[in-house]
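Scroll down for the structure; my scribbles are underneath it.
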Amino acid sequence: MTSDIRARASQTREASQKLIKLSSEERANILETMAKSLIANQKQIVTENAKDMALAQKQNIVPSLIKRLALTPKKLQELANGIRAIAKDKEPIGKILRRTQIAEDLIVRQETVPFGVLLVIFESRPDCLPQVPCLFLVAIFHHEKQRPLCFVCIEKKIASLAVRSGNGLLLKGGSEAYHSNHILHQLLSDAIFEASEGRVPKSLLGLIENREEISQVLKLEDAIDLIIPRGSSSLVKYIQNNTKIPVLGHAEGICHLFVDECVGNTVTIDDVIDIVLDAKLNYPAACNAVETLLLHENLFCQHNNSSNKHGQSENNFTVAPAMKIIATLRMVFVFLKTTEGFFFWKLQYKGVKLFGDESIRRIVISPEIPPLLHGYHHEYSDESLSVVVVRSLQEAILHINRYGSGHTETIVTENLDHAREFAQQVDSACVFHNASTRFADGFRLGLGAEVGISTGKLHCRGPMGVDGLLTTRWIMSSQRAQGHCVGDFDEQNANTKRAATYIHKDLMSVLSRND
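Right under this line is the structure:
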């Protein structure tokens, strides 16, 4: 079985090597043909997808997940538009990152090149496939009955990114999207072959159908260059623990939002609430949704100081008797007040399920905040939100670096020095100031279609677009008739015809691929 998979991987790599010979315009034409095929054959696609939908309903799969499996004419049109947008992007291959004159008549440049063999593993996201570049991708759909795979959209996205980046693509679809997988694979393969006039074989997009082959694919470290998992934390961890192939991605998205003490003037409390609500409720299941809200204790102290006439200490969180009476009668005691209600009440009213540790529960009497059901290192992936009080900016940073997953963190503050300190010391892929964590997305950051998000520190970090599917190489060229040798730069050859001297001059201002 392994030899069969290896053979298909080899065919896909060979096809990608033919793809890279095409010009940028020719690869863009392939993408345009793919987009046209998607629209021209949408009736057939929807018909095949309906078979998967009917089967999913019989298997009692959660309705919200069945919805993700569905393909509609509107979604197909959106996917086609996305593919065309990728086609119009700047050429990613051969981009010169560094150009240096080593010595007279000796120049070296660093430029981007395709990985060659990329394994993309995803689940429950049919809209991802059309985005991934044509690297040698092996897209595997995780088989969980409660997590149906939407291969259709995923295939088109992945395939389009693959073509744009000059790589090959090997796909493994889940049984939940069997019919959708096959029709999309057929249409995309035909489009690539047709648009390239047969120069790029259909094997550029390979399809693995047996679930048992997954474990074998993960052992092909000599045939696959990179794995990008797209799915649940359990899926990512499984891949990381069962392969020697480099894995680019993240297992968890434990994002934090810290509200500094310096708010209330230019950044109003309403602004704070808006940012929190967006970070939590815009898409609760997303990996960039906030999971923990950190609040500076002085936010409470400032409120309490105004109540000192009731006998409350400035540095004591004990609720004064008068405040207890008000809380009992009106159930009103929170630290921040807005024009529409109280801070926590508004979060709950909008649908946020708050959970807090003792640091917040001993301060806020109403509305009631239930105790944490999990530890600080927990990803809810729903409307739930942990609330924690910290004593300082440094404590917030320490909390994030200890319990976070290195994904995305935000500080809300009017103090630019605090914002800079936060950005310098928080060890995460994305660090924002007065902005929702939901901005940690390839499209929103201007990267085009997103391949994924990496919390690692090698190759790529944070949201990745097409550039994340490329690596680099160094191209050196000697214009001297006798060429160059390292020994030419030795002192003993200073007076010979081969003598050379290091210059190391930056030539990035004179970009040229003709050296």
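Note that UniProt numbering has the sequence shown beginning at 1, numbered continuously upward. No residue lacks a Cβ here, since even glycine has one placed at the ideal position from N, Cα and C. Bear in mind the structure is a predicted one, so any value in this text is a computation, not a measurement.
Next item on the list: Determine the contact status of F355 and S386, defining contact as a CB-CB distance below 8 Å.
Entry: The residue given as residue 355 occupies position 355 in the sequence shown. The residue given as residue 386 occupies position 386 in the sequence shown. Yes; because the gap between Cβ atoms is below 8 Å, this pair is in contact.
Next item on the list: Let me know the secondary structure DSSP gives H378 once reduced to three states.
Entry: Here residue 378 refers to the residue found at position 378 when the sequence shown is read from its first residue. In this structure, H378 counts as coil in the three-state DSSP scheme.
Next item on the list: Reducing DSSP to helix, strand and coil, say where Q110 ends up.
Entry: As a position in the sequence shown, residue 110 is number 110, starting the count at 1. Note: Q110 maps to strand in three-state DSSP.
Notebook entry, point to check: Looking at C-beta atoms only, is the number of pairs between the region 159-168 and the region 107-120 that lie closer than 8 Å three or more?
Noted result: yes
Next item on the list: Give the DSSP-derived three-state secondary structure of A499 in the structure shown.
Entry: Along the sequence shown, read from residue 1 onward, the residue named residue 499 stands at position 499. A499: coil per DSSP, three-state reduction.
Note to self: Tell me the residue span of the beta strand (DSSP E) that contains residue 516.
What the structure shows: Any property of residue 516 remains undetermined from this structure, which presents the chain solely from 1 to 515.
Check: Within this structure, are the beta carbons of E297 and V389 separated by less than 8 Å?
Finding: Here the question's residue 297 lines up with position 297 in the sequence shown. Here the question's residue 389 lines up with position 389 in the sequence shown. Yes, they are a contact pair.
Checklist line | Assumed close pair K353, S384 - CB separation to whole angstroms, cut-off 8 Å | finding: For this step, residue 353 is matched to residue 353 along the sequence shown. For this step, residue 384 is matched to residue 384 along the sequence shown. Between S384 and K353 the Cβ distance is about 4 Å, and since that is below 8 Å, they are a contact.
Next item on the list: Reducing DSSP to helix, strand and coil, say where R199 ends up.
Entry: As a first step, residue 199 is located in the sequence shown; it is residue number 199 there, counting from the start. R199: coil per DSSP, three-state reduction.
Note to self: Quick check on E340: buried or exposed, where buried means 16 or more other Cβ atoms within 10 Å of its Cβ?
What the structure shows: If you number the sequence shown from 1, residue 340 lands on position 340. Unreliable positioning characterises E340 in this predicted model, as indicated by a pLDDT of 36, which lies under 50. A coordinate reading is not provided.
Check: Taking buried to mean at least 16 other C-beta atoms within 10 Å of its own C-beta, is Y380 buried or exposed?
Finding: As a first step, residue 380 is located in the sequence shown; it is residue number 380 there, counting from the start. It counts as buried.
Next item on the list: Taking L385 as part of the beta strand (DSSP E), name the residues at either end of that continuous run.
Entry: Here the question's residue 385 lines up with position 385 in the sequence shown. Per DSSP, L385 belongs to the beta strand (DSSP E) from S384 to V390.
Next item on the list: Report yes if the C-beta distance between L71 and N49 is below 8 Å; otherwise report no.
Entry: Locating residue 71 in the sequence shown gives position 71, where the first residue counts as 1. Locating residue 49 in the sequence shown gives position 49, where the first residue counts as 1. Their beta carbons are under 8 Å apart, which means L71 touches N49 by this criterion.
Note to self: Measuring alpha carbon to alpha carbon, tell me which residue in K75, A40, I83 and K36 is nearest A449.
What the structure shows: Start at 1 with the first residue of the sequence shown, and residue 449 comes out as number 449. Ranking K75, A40, I83 and K36 by Cα distance to A449 puts I83 first.
Checklist line | Between the CA atoms of D427 and V364 - distance to the nearest angstrom | finding: On the sequence shown, residue 364 is found 364 positions in, with the first residue counted as 1. On the sequence shown, residue 427 is found 427 positions in, with the first residue counted as 1. If I take the Cα positions, the gap works out to 31 Å.
Notebook entry, point to check: Out of I254, L257 and E221, which has the shortest C-alpha to C-alpha gap to N242?
Noted result: As a position in the sequence shown, residue 242 is number 242, starting the count at 1. Ranking I254, L257 and E221 by Cα distance to N242 puts E221 first.
Check: Quick one: what's got a C-beta closer than 6 Å to V138's C-beta in the same chain, skipping five residues either side?
Finding: As a working mapping, residue 138 is identified with position 138 in the sequence shown. Its pLDDT being 36, under 50, V138 is placed unreliably by the model, and the measurement read from it follows with that caveat. Excluding sequence neighbours, V138 sits near L119, L170 and V217.
Notebook entry, point to check: Taking the alpha-carbon positions, what's the A500 to P92 distance?
Noted result: The residue you call residue 500 lines up with position 500 of the sequence shown. The residue you call residue 92 lines up with position 92 of the sequence shown. Cα to Cα, A500 sits roughly 35 Å from P92.
Note to self: Tell me which residue opens and which closes the alpha helix (DSSP H) that A103 is part of.
What the structure shows: Translated into positions along the sequence shown, residue 103 becomes position 103. It is not in any alpha helix (DSSP H) - A103 instead sits in the beta strand (DSSP E) that spans I96 to A103.
Next item on the list: Below 6 Å CB to CB, which residues in the same chain sit around R461 once its five sequence neighbours on both sides are set aside?
Entry: Residue 461 sits at position 461 when you count from the first residue of the sequence shown. Result list for R461: A429 and S454, in chain order.
Checklist line | Beta-bridge pairing of V120 - partner residues as DSSP gives them | finding: Residue numbering aside, residue 120 sits at position 120 when the sequence shown is read from its first letter. Its beta-bridge partners are I228.
Check: Are the CB atoms of G249 and V236 nearer to each other than 8 Å?
Finding: Counting from 1 along the sequence shown, the entry for residue 249 is found at position 249. Counting from 1 along the sequence shown, the entry for residue 236 is found at position 236. Going by C-beta atoms, G249 is nearer than 8 Å to V236.
Check: Would the C-beta of K350 count as close to the ligand COA, meaning under 7 Å from any of its heavy atoms?
Finding: Among the ligands in the structure shown, none appear at all, so the ligand COA cannot be discussed.
Check: What are the residues that DSSP puts in a beta bridge with S454?
Finding: Position 454 of the sequence shown holds residue 454. Paired residues: G462.
Item checked: Contact belief for I208 with I121 at Cβ below 8 Å, rounded distance in angstroms -> On the sequence shown, position 208 is the one that residue 208 refers to. On the sequence shown, position 121 is the one that residue 121 refers to. Their Cβ separation, rounded to whole angstroms, is 11 Å, which puts I208 and I121 out of contact at 8 Å.
Margin query: Taking only three categories from DSSP, how would you classify E297?
Written below: Here residue 297 is taken as the residue at index 297 of the sequence shown, counted from 1. E297 falls in the coil class under three-state DSSP.
Next item on the list: Identify which residue in D417, I273 and A195 has its Cα closest to the Cα of Q348.
Entry: The residue you call residue 348 lines up with position 348 of the sequence shown. Per the Cα distances, I273.
Notebook entry, point to check: How do the region 195-207 and the region 10-20 stand: do at least 3 beta-carbon pairs fall below 8 Å, yes or no?
Noted result: yes
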